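Visitor: Sharing a structure here in C-alpha cells format.
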Amino acid sequence: MSDGLRMAVLIKQVPDTSSATGVNPDGTVDRARAKKMINPFDKFALQKAIEVRNARGGEIFVISMGPPPAIAVLHEALEYGADKGYLLGDRRLAASDTLATAYALYKAVLYLKDIDIIFTGLQTTDGDTAQTGPQIAERMGVPQISYCETMEIEGKTVKATRIIDGGVQRLEVEMPVLITVANSAVKLEHKRFANVYKTKQALRDKDALADKIFTVDLDEVEADATRVGLVGSPTVVGKTWKIGEKGGSCKVFKGAAPKHEVELLVDEISKDERGVMEFVL
Amino acid sequence: MSQYTNIIVIADQIQGDLRPVTMELLGAASELAEKLGVKTHAIVMGSQISHIPEVLIHNGADEVYVVDQPELKEYSTLTYRRAAITVIESLPKPPHIILCGATTLGRDLAPRIAAYFETGLTADCTELDIGDYVHKGKADPNKTGTFNNCLYAIRPSFGESLKARILGPWKNPQMATARTGAMIPFKTDTTRTGKITPMTVKFEDSDFRLKVIETVREVSSDLDLLKAKVIVSGGFGLGGPEGFEVVRDLASAFSESAVGSSRKAVDSGWIPYSHQVGQTGKTVRPRLYIALGISGAIQHRVGMSNSAMILAVNKDESAPIFQFAHYGIVGDLFEIAPLLKEQFKQAVPA
Numbered sequence: 001m002s003d004g005l006r007m008a009v010l011i012k013q014v015p016d017t018s019s020a021t022g023v024n025p026d027g028t029v030d031r032a033r034a035k036k037m038i039n040p041f042d043k044f045a046l047q048k049a050i051e052v053r054n055a056r057g058g059e060i061f062v063i064s065m066g067p068p069p070a071i072a073v074l075h076e077a078l079e080y081g082a083d084k085g086y087l088l089g090d091r092r093l094a095a096s097d098t099l100a101t102a103y104a105l106y107k108a109v110l111y112l113k114d115i116d117i118i119f120t121g122l123q124t125t126d127g128d129t130a131q132t133g134p135q136i137a138e139r140m141g142v143p144q145i146s147y148c149e150t151m152e153i154e155g156k157t158v159k160a161t162r163i164i165d166g167g168v169q170r171l172e173v174e175m176p177v178l179i180t181v182a183n184s185a186v187k188l189e190h191k192r193f194a195n196v197y198k199t200k201q202a203l204r205d206k207d208a209l210a211d212k213i214f215t216v217d218l219d220e221v222e223a224d225a226t227r228v229g230l231v232g233s234p235t236v237v238g239k240t241w242k243i244g245e246k247g248g249s250c251k252v253f254k255g256a257a258p259k260h261e262v263e264l265l266v267d268e269i270s271k272d273e274r275g276v277m278e279f280v281l
Numbered sequence: 001m002s003q004y005t006n007i008i009v010i011a012d013q014i015q016g017d018l019r020p021v022t023m024e025l026l027g028a029a030s031e032l033a034e035k036l037g038v039k040t041h042a043i044v045m046g047s048q049i050s051h052i053p054e055v056l057i058h059n060g061a062d063e064v065y066v067v068d069q070p071e072l073k074e075y076s077t078l079t080y081r082r083a084a085i086t087v088i089e090s091l092p093k094p095p096h097i098i099l100c101g102a103t104t105l106g107r108d109l110a111p112r113i114a115a116y117f118e119t120g121l122t123a124d125c126t127e128l129d130i131g132d133y134v135h136k137g138k139a140d141p142n143k144t145g146t147f148n149n150c151l152y153a154i155r156p157s158f159g160e161s162l163k164a165r166i167l168g169p170w171k172n173p174q175m176a177t178a179r180t181g182a183m184i185p186f187k188t189d190t191t192r193t194g195k196i197t198p199m200t201v202k203f204e205d206s207d208f209r210l211k212v213i214e215t216v217r218e219v220s221s222d223l224d225l226l227k228a229k230v231i232v233s234g235g236f237g238l239g240g241p242e243g244f245e246v247v248r249d250l251a252s253a254f255s256e257s258a259v260g261s262s263r264k265a266v267d268s269g270w271i272p273y274s275h276q277v278g279q280t281g282k283t284v285r286p287r288l289y290i291a292l293g294i295s296g297a298i299q300h301r302v303g304m305s306n307s308a309m310i311l312a313v314n315k316d317e318s319a320p321i322f323q324f325a326h327y328g329i330v331g332d333l334f335e336i337a338p339l340l341k342e343q344f345k346q347a348v349p350a
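Protein sequence lines, in the order shown, are assigned to chains A and B. FYI, in the working numbering the residues of the first sequence are 1 to 281. FYI, in the working numbering the residues of the second sequence are 1 to 350.
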C-alpha cells in the first residue's frame, strides 16, 4: 500500500528471570543458560504498531539487535503479526552500552528508509534504562513521545497523550516520530493462530522466511564500527556486588492465634525506637 | 582551584514547584562537589520561575542558570532540550558531572542531552560517589588507563539482586539520573547565598515540532506517596480490586498515610498506576511501610527498602519480603489487617 505507514518496532531478547533455568540461587543470572524471551515491555510496542497498521494500513518492520539466537524474537514478532524482521547481528556490537546501542539501532532504522513511526517499549527488563528510545530519536533528529498512552493518526499527524508525573500531556506532532509505548496503552492480544501456523510452517522450510526475516551486519547498515561495542561505549560496568541481605533480622510472628500474634507484634513495634506510634490516629 | 569542572543539577519544576528529587540531587551533588573541590550549579527552565533560583541556592546550589521564557511554560522534549544544551554549551568547559531526576521529565530529557554530547548516562542510580578507576581493556586499548575522581554511578541491576558501579571517565560530562527518594536532601539553609545567572535561549522552528496541546494534572485526594509518613501497600495477595478496601481501611488508622501497591496489582487493573511502588513506580521512604500480600521481589524492594520500618503480612513464610522486612507476620492478610488496625489503636491512649 503506497499511502500506508512504514513503522519500525524495536525489540530485544532478554533473559527470563521468572524462570528457574539459569537463575542462580543467589539471584544472579547465568546469561548463557537462562531461558530467553521477548522483552515484555516490547510486546506493548508491537501490539500498538499492529493496531495502527490494521486501522490505517502500512507495514511493520521489527528490528532486534543481538546474537544469532535472538532471531527467535523476530519469529515471535511475526507470529504476533509483524510483516518483516531484521536482526542486527555483528560480533563488534558485543558489550555496547545504551549510547552505542542507540547508534547502531539508529543506523538500522535509516537502513529501512522513510520510516514514519518508530515504536519502542518503555524500557527493557535486563538493561532497564529507558534511554535507548530517546537516544535514537536524538540521533535521528526527530521528536519523541515517551510514556505514550493513547494515539490517533490523521494523515501524517500523530495526536497522542503521554503520562507525566501526576497527570497527562496531550501532544501533537508530525511524523517521523519515535514513540515509547506505555503498558497501559494497549491490551495485549494473543498470537493469531494463522500467523503462528504460517511462521511454524515457514521455519521448517528456511527459504519461505527468506523474504521475511533478514540478518544484517554493521557494514550493511553503514554503521561506524568504532562507535559501537566496547570501543564505542562511553560507559563500562566497573564492579558488581550482591545487594546485602538483611537475612535473619526480620522478627517474624507466626504459629499462635492471629489475634495473639498481632498483640505481640504491635507491642514490640510500640517499643521500637524508630517511633511510628505517633502516626496512629 | 580544583582541576575539575563543576557539577550541574538539572532542576525539575512543575508550574513553579520544585520536585523533591531536585533537593535530593542537590544534596548528593554537594557531597560530590566537596570531594572534588568544585561547586554545585543548577539549571532551571520554565516560565515565571523567578522565585526558584533562591530556593535552589538555599538547598545547596552555589550558582543557578535560569532560563525563564514563555516557550518553556510546560515541559516539551525539544524546547527543554534546546534550553539545557544552550546553557551547557555556554560554559567555558564541559561540566564534570550532570545529574537529573529519573522523573518522567528526566527520563525523557537526560538521554537526549547525553546523546547530543556523545557521553555516558547511567539511569536510576541509588548512590553516587567519587573515586578512582583503573581500566585494563584488551579489546579497547585506547581507553586503558588510571582515572582519578570519576563519578561512581551505582544502580541496582533489576531482575538480579546485584548492584553495579557504572563508570564513564573518558568523557565529560559524566551523567546520571536518580530516582526520587534515593538520596538524602541538602539541609535547607535560608541564609545561603549564591549567584543567579539569567540566560536567554534562541529557539529554532524545529523545536516546536512537538506541540503541547494541554497538560492535565490529576487533583489527587490521596496524599502523595512521596510525602506520606505511613504507607500501606497491597499486592497480588489481595486477590482483586476489592482487596484494596482492606488496605485503605488499615491506612485510615494512621495520620499522613497513603495507599501503595505492587506492580502486579496495577497491571491487573486493581488500582491506578500512581499508587505503584517499585522499579517502574515510585521510590518511597516513609517511617512505616506495611506490605500486605506482597512477596517482595527485587523490583518492589528497590522502591521501598529505604523505609525506616517495614512490616510484612504474608501467608507464605518463604516470601522474600521476610528477608528484609523488620517485622513480619505469617497469616491471612484479610484476617490480620483488621486486627492490626484494632491493636494499633488500642496501643495508643485516646
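Glycine is no exception: its CB is placed at the ideal position from the N, C-alpha and C atoms. Since we're looking at a predicted model, the values are computed, not measured.
Any beta carbon from chain A within less than 8 Å of residue 119 of chain B's own beta carbon?
Guide: So yes, residue 119 of chain B belongs to the interface.
Visitor: What does residue 143 of chain A reach in chain B if we use C-beta pairs closer than 7 Å?
Guide: Per Cβ cutoff of 7 Å: 77, 78, 209, 210.
Visitor: On the DSSP letters alone, give me the boundaries of the beta strand (DSSP E) that residue 314 of chain B sits inside.
Guide: Here the beta strand (DSSP E) through residue 314 of chain B covers 309-314.
Visitor: Would you call the region 227-241 of chain B and the region 92-108 of chain B touching, i.e. three or more CB-CB distances under 8 Å?
Guide: With the cut-off at 8 Å, the region 227-241 of chain B and the region 92-108 of chain B do not touch.
Visitor: Listed in chain order, which residues of the region 36-67 of chain B have Cβ atoms closer than 8 Å to some Cβ of chain A?
Guide: Taking 8 Å as the Cβ-Cβ cut-off against chain A, none of the residues of the region 36-67 of chain B qualify.
Visitor: DSSP three-state call for residue 221 of chain B: helix, strand or coil?
Guide: Residue placement at residue 221 of chain B is flagged as unreliable, the pLDDT there being 47, under the threshold of 50; the coordinate-derived value follows with that caveat. If DSSP states are grouped into helix, strand and coil, residue 221 of chain B belongs with coil.
Visitor: Starting from the C-beta of residue 344 of chain B, find all residues in its chain whose C-beta is less than 6 Å away, skip the five residues before and the five after it, and write them out in chain order.
Guide: Excluding positions up to five away in sequence, the list reads 253.
Visitor: For the structure I just gave you, are there three or more beta carbon pairs, one from the region 67-87 of chain B and one from the region 200-213 of chain B, closer than 8 Å?
Guide: Judged by Cβ distances under 8 Å, the region 67-87 of chain B makes contact with the region 200-213 of chain B, as three or more pairs qualify.
Visitor: For residue 138 of chain A, count the other beta carbons within 10 Å of its own beta carbon; 16 or more makes it buried, fewer makes it exposed. Which is it?
Guide: Residue 138 of chain A should be labelled buried.
Visitor: Are there 16 or more other CB atoms within 10 angstroms of the CB of residue 6 of chain B, so buried, or fewer, so exposed?
Guide: Residue 6 of chain B should be labelled buried.
Visitor: Find the residues of chain B that neighbour residue 139 of chain A, judging by a C-beta separation of less than 8 Å, and give them in chain order.
Guide: Residues of chain B passing the Cβ test: 115.
Visitor: To the nearest angstrom, how far is it from the Cα of residue 195 of chain B to the Cα of residue 222 of chain A?
Guide: Distance between the alpha carbons of residue 195 of chain B and residue 222 of chain A is about 47 Å.
Visitor: Is it buried or exposed for residue 82 of chain B, if we count other Cβ within 10 angstroms and need 16 for buried?
Guide: Result: buried.
Visitor: Give the residues of chain B in contact with residue 174 of chain A, contact being defined as C-beta atoms less than 7 Å apart.
Guide: Neighbours of residue 174 of chain A on chain B, chain order: 209.
Visitor: Is residue 178 of chain B near residue 308 of chain B, with beta carbons less than 8 Å apart?
Guide: For residue 178 of chain B and residue 308 of chain B, no; Cβs fall outside 8 Å.
Visitor: At a Cβ threshold of 8 Å, is residue 140 of chain B touching chain A?
Guide: Taking Cβ atoms only, chain A reaches closer than 8 Å to residue 140 of chain B, which makes this a yes.
Visitor: Does the region 331-347 of chain B come close enough to the region 295-307 of chain B to have 3 or more Cβ pairs within less than 8 Å?
Guide: Too few Cβ pairs lie closer than 8 Å, so no.
Visitor: In terms of alpha-carbon separation, which member of A/65, A/3, A/29, A/118 lies closest to residue 322 of chain A?
Guide: The displayed coordinates of chain A run from 1 to 281. Any statement about residue 322 of chain A would go beyond what the structure contains.
Visitor: Between which two residues does the alpha helix (DSSP H) containing residue 105 of chain A stretch?
Guide: 98-112 is the extent of the alpha helix (DSSP H) around residue 105 of chain A.
Visitor: Strictly by DSSP, which residues pair up with residue 241 of chain A?
Guide: B/163.
Visitor: Please report how far the alpha carbon of residue 213 of chain A lies from the alpha carbon of residue 202 of chain A, in whole angstroms.
Guide: Approximately 11 Å, taken between the alpha carbons.
Visitor: Kindly indicate which three-state DSSP category residue 170 of chain A falls into: helix, strand or coil?
Guide: Three-state DSSP puts residue 170 of chain A in a strand.
Visitor: Check the Cβ-Cβ distances between residue 157 of chain B and every residue of chain A, and say whether any is below 8 Å.
Guide: Chain A, which has a Cβ nearer than 8 Å to the Cβ of residue 157 of chain B, makes this yes.
Visitor: To be precise: take each residue of the region 101-113 of chain B, compare its Cβ to all Cβ atoms of chain A, and keep it if any distance is under 9 Å. Which residues remain?
Guide: Residues 102, 103, 104, 105, 107, 108, 109, 110, 111, 112, 113.
Visitor: Should residue 53 of chain A be listed as close to the ligand MN, given that the test is whether its C-beta is under 7 Å from any heavy atom?
Guide: Although the ligand MN was asked about, the structure shown includes no ligands whatsoever.
Visitor: Determine, using beta carbons only, whether residue 182 of chain B comes closer than 8 Å to chain A.
Guide: False, the Cβ-Cβ gap to chain A never drops below 8 Å.
Visitor: Rounded to a whole number of angstroms, what is the C-alpha to C-alpha distance between residue 68 of chain A and residue 142 of chain B?
Guide: Computed Cα separation, rounded: 29 Å.
Visitor: Do residue 16 of chain A and residue 35 of chain A have their CB atoms nearer than 8 Å?
Guide: Contact flag set, yes.
Visitor: Taking only the alpha-carbon atoms, compute the straight-line gap between residue 92 of chain A and residue 39 of chain B and give it to the nearest angstrom.
Guide: Straight-line Cα distance between these residues: approximately 40 Å.
Visitor: Residue 142 of chain B lies in the beta strand (DSSP E); which residues open and close that run?
Guide: Unbroken run through residue 142 of chain B: none, as it is neither H nor E.
Visitor: Residue 219 of chain A: which of A/110, A/148, A/152 sits nearest, CA to CA?
Guide: That would be A/110, whose Cα lies nearest to the Cα of residue 219 of chain A.
Visitor: Which residues in the same chain as residue 221 of chain B place their Cβ atom closer than 7 Å to its Cβ, once the five residues preceding and following it in sequence are excluded?
Guide: In this predicted model, residue 221 of chain B has a pLDDT of only 47, less than 50, meaning its place in the structure is not dependable; the value taken from the coordinates is given anyway. Within the same chain, residue 221 of chain B has no close Cβ partners at all.
Visitor: From this set, A/188, A/114, A/162, A/242, which residue's C-alpha is nearest residue 58 of chain A's C-alpha?
Guide: Taking only the C-alpha atoms, the option nearest residue 58 of chain A is A/114.
Visitor: Taking DSSP as the reference, what is the three-state secondary structure of residue 198 of chain B?
Guide: Strand, per DSSP.
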